[in-house]
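Residue numbers are given in this note's numbering: position 39 of the sequence shown equals residue 1525, and the series is strictly consecutive.
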Amino acid sequence: MWGDEGVVGRHFYVERIWRGWCGLPHFSPMPSGHFIPEEAPNDAFTALIVFSAFQRDIASDGKRSDLHPATSLMETDSSLVEW
């Protein structure tokens, strides 16, 4: 989840970055800037409900995606950033 109108949404290819780190990522760009709960509370709540249901379904299958530790932006591929 990220604010599509903020720095992250405007300058980074969020989905491309996280696909390299997560086995089964779930993306939710929000119509907001930096502080999502204040700027888009209903959208954030809905996205969290959908994500929670998705995780519950994965857990019931016994399959989980591997989440690798995040690295600093300096260590990521420069093609993932748009300045």
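Heads up, the beta-carbon is just placed ideally off N, CA and C, and yes, glycines get one too. Remember, predicted model here, so these are calculated numbers, not experimental data.
Give the secondary structure of residue i by DSSP, where H, G and I count as helix, E and B as strand, and everything else as coil.
{"i": "P1515", "result": "strand"}
{"i": "W1507", "result": "coil"}
{"i": "G1492", "result": "coil"}
{"i": "F1498", "result": "strand"}
{"i": "M1487", "result": "coil"}
{"i": "A1533", "result": "helix"}
{"i": "D1552", "result": "Here the model assigns D1552 a pLDDT of 47, short of 50, so the residue's position is not dependable, and the following value carries that caveat. Coil, per DSSP."}
For residue i, collect the residues of the same chain with a Cβ closer than 6 Å to its Cβ; drop the 5 residues on either side in sequence, then sort them by chain order.
{"i": "E1501", "result": "F1513"}
{"i": "A1526", "result": "M1516, P1517, S1518"}
At the level of alpha carbons, what is the spacing between residue i and residue j?
{"i": "V1536", "j": "M1516", "result": "14 Å"}
{"i": "F1498", "j": "G1506", "result": "14 Å"}
{"i": "R1496", "j": "R1542", "result": "31 Å"}
{"i": "S1538", "j": "E1524", "result": "20 Å"}
Can you list, in chain order, the residues of its chain whose CB lies under 8 Å from that of residue i, leaving out five sequence neighbours each side?
{"i": "A1533", "result": "M1487, S1514, M1516"}
Within its chain, find whatever has a CB closer than 7 Å to the CB of residue i; leave out the 5 residues flanking it on each side and keep chain order.
{"i": "F1540", "result": "H1512"}
{"i": "D1529", "result": "M1516, P1517"}
Flag this pair as touching only if the stretch 1489 to 1499 and the stretch 1511 to 1527 have three or more C-beta atom pairs under 8 Å; answer yes or no. yes
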